[in-house]
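Following: one structure in structure tokens, then a few remarks.
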Amino acid sequence: MSTESSPQTRRSQRAQRTTDQLQNRWRRLRESTAVSTEPAREAATGWWGRKIQPVLDVVSPLGWLVLCITVGAWIVGLVFGWAEALIAGLVGVFLLLLAIGFILGRSSYRVELDLARSRVAVGDRAVGAIEVTNTADKALMPAAMELPVGRATAVFQLPRMRPAAVHEDLFTIPTNRRAVITVGPVRSVRQDPLSLLRRQLKWTEPEELFVHPRTAALQGSSAGFIRDLEGLPTKDLSSADVSFHALRDYVPGDDRRHIHWKTVARTNKLMVRQFEETRRAHLAIALSTNTSEYATENDFELAISVAASIGLEAFKEQRNLSIRTHAGPVHTETGRNMLDDMTRIEGKPLRKTSVDVSRETADQVPNASVFFLITGDQPTAGDLRKATNNVPPGVRAFAIRCAHGLETQRANIGDLTVISIGDLQDLGLALRKAAA
């Protein structure tokens, strides 16, 4: 049996080797061809995007449909001699020629897009203005200006404008939700009454409007649990700090300013002061972006507002601040950078939980003096306790559960202080109670 199958096995192995060789040669041929033709393909793509694509974009979907029907009618009419098809083709040609007449012509404008403020908070009024100036030597006919605002598009009608005439329109942008809204570019539109052809010209660059999360002023409510100079002592000894620990023998190289002369006079031996290092105030905030831990989307927004409010208070008190989410660290160089980054945060259902983001934050910010875990009301008390197990000893840990309708209260799970927040305006009072 083995003797008879051996030739078959060898043939199959040879066939497999031949197949592998052919595949390898084909792969190398494709790679070499791709490398050699890459410049040509890039040039062709760029030429297509610059020359052809703008022309194709002029024709609307309805225009393409009319064009196809017109061509088809002409073909059917000429091949089969159907007069009705030829008439339909003539009507299509007439409509397309009429549409071309509507979009022809040159426009000469100077357009300025002005956002009064590029950063607002949820609920604040965001206003802007479009100023259009006719820079041509002759009057321009009425036209339409479009302004994309996020996924929506606002349309402004321009009247007949004389040379150097200026037309201004004001607009308001809804700020009901936290978002980064792209405003613009402003573009003029020429189109026929049937919208077969549509010609657009861009006059400005797009701008970003940041709708920051709503925040609450804590007004010093952090005093009492954010310690700085008198802060939380550690077991690390230092030769220069503010918390006196003990005396030790002088070692060459020690700062002579720390010699304790009274002890030297009494013992006739050089002794220097030794200090305990105090933990400088550094706030670490772990924000869960796992939407499975929040009952509703509004609860997730409340959690972001809580984190942003505590972060702004840290900046006011000139404290060090670190914020981390499941997606990574948040920029905290300035309050503006922090709010910009928190505006971009997106919540998603994740496998990682508060335990993971808490552990990552504790690992990345080992020198924190106060630790906040901010999450929804879905994690249990055991989950919160497990999440803060990685917080180093001596660091005061808080877990803030955010959910609309929750009664604002405080509870303790061992060394962990758990705060429930049902309304952002209750945050200051809740922190003052927790600091007591």
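What the sequence shown shows, in this note's numbering, is residues 8 to 443, in sequence order.
From the three backbone atoms N, C-alpha and C, an ideal C-beta is built for every residue, glycine too.
Cβ neighbour criterion (16 or more within 10 Å) applied to residue i
i: residue 382; result: buried
i: residue 115; result: exposed
i: residue 183; result: exposed
i: residue 320; result: buried
i: residue 141; result: buried
i: residue 125; result: exposed
i: residue 64; result: exposed
i: residue 112; result: exposed
i: residue 300; result: buried
i: residue 150; result: buried
i: residue 206; result: buried
i: residue 179; result: exposed
i: residue 17; result: exposed
i: residue 428; result: buried
Boundaries of the alpha helix (DSSP H) in which residue i is found, first to last residue
i: residue 308; result: 304-323
i: residue 363; result: 361-371
i: residue 271; result: 268-274
i: residue 74; result: 68-87
Under the three-state DSSP convention, the category residue i falls into
i: residue 350; result: helix
i: residue 376; result: coil
i: residue 259; result: coil
i: residue 112; result: coil
i: residue 397; result: coil
i: residue 331; result: strand
i: residue 440; result: helix
i: residue 135; result: strand
i: residue 25; result: helix
i: residue 426; result: strand
i: residue 123; result: coil
i: residue 208; result: strand
i: residue 411; result: coil
i: residue 195; result: strand
i: residue 357; result: coil
i: residue 402; result: coil
i: residue 298; result: helix
i: residue 93; result: helix
i: residue 183; result: coil
i: residue 129; result: coil
i: residue 32; result: helix
i: residue 326; result: coil
i: residue 142; result: coil
Spatial neighbours of residue i in its chain, beta-carbon cut-off 6 Å, leaving aside the 5 residues before and after
i: residue 375; result: 289, 291 and 402
i: residue 372; result: 291 and 329
i: residue 354; result: 296, 298 and 307
i: residue 199; result: 106 and 109
Integer Cβ distance of residue i from residue j, believed to fall under 8 Å
i: residue 438; j: residue 225; result: 6 Å
i: residue 209; j: residue 194; result: 5 Å
i: residue 80; j: residue 92; result: 5 Å
i: residue 409; j: residue 277; result: In fact, because the Cβ distance is near 57 Å, the residues do not count as touching under 8 Å.
i: residue 404; j: residue 395; result: 5 Å
i: residue 204; j: residue 107; result: 7 Å
i: residue 121; j: residue 133; result: Not really, about 12 Å apart at Cβ, beyond 8 Å.
i: residue 316; j: residue 434; result: 6 Å
i: residue 351; j: residue 190; result: Going by Cβ atoms, the distance from residue 351 to residue 190 rounds to 16 Å, so no, they are not a contact pair.
i: residue 74; j: residue 83; result: That pair is no contact at about 15 Å.
Limits of the unbroken beta strand (DSSP E) element including residue i
i: residue 176; result: 173-180
i: residue 419; result: 416-420
i: residue 290; result: 289-294
i: residue 219; result: 214-219
i: residue 151; result: 150-156
i: residue 160; result: 159-165
i: residue 187; result: 186-190
Sequence-distant residues of the same chain with beta carbon closer than 8 Å to residue i, five excluded per side
i: residue 271; result: 277 and 278
i: residue 128; result: 182, 218, 219, 220, 221 and 222
i: residue 130; result: 182, 183 and 221
Sequence-distant residues of the same chain with beta carbon closer than 7 Å to residue i, five excluded per side
i: residue 177; result: 134 and 136
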